[in-house]
Structures are given as C-alpha cells and as structure tokens.
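Trainee:
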Amino acid sequence: MIEIIPSILVKTGEELLEKITAIEPYVERTHLDIADGIFVPNMTILGFEEVESLDTNLKIGVHLMVSKPENHIVRWLETPADKFIFHIEATSKAQEVIDAVKETEKSVGIAVNPQTPIAKIEAFIDQVDFVHFMTVEPGFYGGEFVESVVEKIKDFHFYYPDKPIEVDGGITPETALKLTEAGATMLVAGSYIWDSKDREKAIEKLKSPAAI
Ligand code: DX5
Ligand code: ZN
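Numbering (the numbering used here), first residue to last: 2 to 213.
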C-alpha cells in the first residue's frame with residue numbers, strides 16, 4: 002500500500018489553512034515543510050502556534066528543514082503534530098533529536114539530501130521509524146528530481162528491507178512508479194497535487210502510478 006502525503010510549504014497561517022482545507026477530504030495526513038532560511042535558502046511559517054491553532058482531523062508530520070533541529074524538537078513535541086523528520090546534514094546531535102521523540106508516542110524519521118550517502122545515517126537506522134529520502138534539493142516546491150537517488154533507495158532497501166522508506170520531492174506518476182518499485186511506501190508530493198485542477202484525482206493517480 003502506497004501512502005500519498007501532500008506537502009504544505011507556506012509563509013502564512015492563512016495559506017496553511019487554505020491548503021489544509023483543500024486536501025482534508027482526500028487524505029489522512031499532511032507533511033508540513035518548515036524552513037528556517039539557514040539550513041535552506043527559504044523561510045516558511047515558524048509553525049508551532051499555527052499548528053496548535055488548527056482545527057483539523059488531518060494528522061500532521063513536520064519536515065524540519067532547519068539547522069540544529071535539537072533546538073526545535075522539544076517545542077514541536079508539545080504540538081499535535083505526531084511525526085517528525087530532521088536532516089542528518091543539519092545536526093551533530095541526531096541522537097538527542099531521536100531520543101526526544103522516542104520519549105513520546107510520536108514517530109521520527111531521518112532525512113538525507115540527494116547527495117548524502119547512507120553511510121552518514123548508518124548508526125541511527127535501527128532507531129528511527131523510517132528513512133526520508135530527498136529527491137530534490139530541499140527548500141522549495143518544484144525542485145528538479147534527482148534521478149540518482151532511485152539507485153540509492155534500491156541499495157538501501159536491499160540492506161534494510163524492513164525499514165520504511167519515505168520519499169520527498171518531484172513526485173509525479175512517473176517518478177512514483179520508479180520509487181515504489183525501488184521500495185518506497187510513503188511519497189510526499191507538493192506541486193503535482195497543488196498544480197492540478199482536480200486534487201483528488203491527482204492523489205489517486207499517484208497512488209496507483211502503474212495505471213497511467
Ligand atoms: C522540498 C520540500 C518538499 C516539497 C515537495 O524542499 O521538503 O516537501 O514540498 O514539493 P514538490 O513535490 O513540488 O517537489
Ligand atoms: Zn518536505
């Protein structure tokens with residue numbers, strides 16, 4: 002079963018609400034992109050208060066594209082968000098981030114940028130709930146899909162067949178097919194969903210990419 006998770010990357014609480022309302026009928030979960038202007042050259046809402054004031058049934062995962070996630074995670078854990086993704090490239094305290102989430106019932110994934118080798122996260126793979134592969138450079142909607150990550154995912158899946166794989170960036174029915182064949186089960190999609198007129202249909206197409 003493939004899970005399609007629409008991503009939300011916004012600069013205001015209003016935009017957040019608009020996007021939540023647009024996808025709420027079609028999915029169970031969303032992926033909120035948080036960017037700090039340091040780890041990536043873009044800035045989004047800060048997020049904590051916006052998420053706390055939302056009235057939604059959607060489950061919320063937070064993608065921390067921020068430097069030193071260890072300084073943010075404790076505050077995030079107070080919010081209703083239940084899934085967290087942080088970058089190995091952004092911290093020397095990955096263990097601290099994982100431990101903080103593991104003290105709760107919430108889940109944690111470690112993210113790797115397109116050029117970051119698996120070796121960099123080896124020590125943490127057993128401890129995280131999933132691995133999050135970036136297939137674009139992080140920070141924006143509409144980045145270019147980095148084809149070589151498909152091989153990286155295949156290798157990873159060979160060595161860690163039981164570890165859930167999430168992929169983020171440049172998801173279309175074409176890339177979704179390659180990625181699910183490579184072992185991914187969770188796909189985070191932004192522009193493909195937001196740029197389509199019929200969001201429900203776009204999500205359906207990504208769910209069964211072989212049918213295109
Ligand atoms: C990219 C973000 C992604 C982004 C995906 O930096 O982490 O979650 O929203 O958008 P698309 O699907 O347009 O690449
Ligand atoms: Zn993301």
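All residues carry an ideal CB built from backbone N, CA and C; glycine is no exception. All of these numbers come straight from a predicted model, not from anything done at the bench.
Where do the N-terminal and C-terminal ends of the alpha helix (DSSP H) with F157 fall, by residue?
Mentor: Counting from one through the sequence shown, the residue named residue 157 turns up at place 156. 150-160 is the span of the alpha helix (DSSP H), which, as asked, contains F157.
Trainee: Starting from T22, trace the beta strand (DSSP E) both ways and give me its first and last residue.
Mentor: Locating residue 22 in the sequence shown gives position 21, counting from the first residue. Unbroken run through T22 is the alpha helix (DSSP H), 14-24; no beta strand (DSSP E).
Trainee: Measuring alpha carbon to alpha carbon, tell me which of K94, R200, V98 ends up nearest K84.
Mentor: Within the sequence shown, residue 84 is the residue found at index 83, counting from 1. The candidate whose alpha carbon is nearest that of K84 is V98.
Trainee: Quick one, are the C-beta atoms of I74 and V102 less than 8 Å apart?
Mentor: Residue mapping note: residue 74 aligns to position 73 of the sequence shown, counting from 1. Residue mapping note: residue 102 aligns to position 101 of the sequence shown, counting from 1. Yes, these two residues count as a Cβ contact at 8 Å.
Trainee: Can you name, in chain order, every residue of its own chain whose Cβ lies under 6 Å from the Cβ of F131, other than the five neighbours on each side?
Mentor: For the purposes of this step, residue 131 is identified with residue 130 of the sequence shown, where counting begins at 1. Around F131: G110, P165, E167.
Trainee: Cβ atoms of A112 and F87: under 8 Å apart, would you say?
Mentor: Taking the first residue of the sequence shown as 1, we reach residue 87 at position 86. Taking the first residue of the sequence shown as 1, we reach residue 112 at position 111. In contact: F87 and A112 (Cβ atoms closer than 8 Å).
Trainee: At a cut of 8 Å, does the segment 39-54 reach the segment 147-156 through at least three beta carbon pairs?
Mentor: no
Trainee: Could you tell me whether the Cβ atoms of V63 and A82 are closer together than 8 Å?
Mentor: Along the sequence shown, one-based indexing puts residue 63 at 62. Along the sequence shown, one-based indexing puts residue 82 at 81. Yes, they are a contact pair.
Trainee: If I follow the unbroken alpha helix (DSSP H) through I74, where does it start and stop?
Mentor: By 1-based counting over the sequence shown, the position of residue 74 is 73. Counting along the chain, the unbroken alpha helix (DSSP H) around I74 starts and ends at 74-78.
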